[in-house]
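Counting the sequence shown from 1 gives a position; our numbering is that position plus 1237.
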Amino acid sequence: MKIKPLSDRVLIEPAKAEEVVGGIIIPDTAKEKPLKGIVKAVGQGTKDEAMVVKEGDTVLYGKYAGTEIEVDGQKLLMMRQSDVLAIVEE
């Protein structure tokens, strides 16, 4: 299924949570929610706000930002561009 966000929304694939720290396996309930992800799709923007992020960008976002959705068994986040804190340049 292909999803095209509307307006100033961004579809993000969150990075995987760290599972092993110093040889200790962390259970799912204690894992820190990832704050980094890859942009999968972007909307066209609004008349007041142009889209700065683009597909393929690695971004940082707030801990409780966005709405979690599941598409074809994959968990994704849908959020407004204003919820994105920064673009990571590597």
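Glycine included, every Cβ here is placed at the ideal spot set by N, Cα and C.
Specify, as a first and last residue, the run of the beta strand (DSSP E) that ALA1323 falls within.
From DSSP, the beta strand (DSSP E) with ALA1323 extends over 1321–1325.
At the level of alpha carbons, what is the spacing between GLN1281 and LEU1314?
Roughly 17 Å separates the two Cα atoms.
Assuming the contact rule is C-beta atoms closer than 8 Å, PRO1251 and LYS1312 should be a hit. Round their C-beta distance to whole Å, please.
Going by Cβ atoms, the distance from PRO1251 to LYS1312 rounds to 7 Å, so yes, they are a contact pair.
By DSSP, does GLN1281 sit in helix, in strand, or in coil?
GLN1281 falls in the coil class under three-state DSSP.
Output the distance between the C-alpha atoms of ASP1285 and LYS1253, rounded to the nearest integer angstrom.
Taking the straight line joining both Cα atoms gives about 34 Å.
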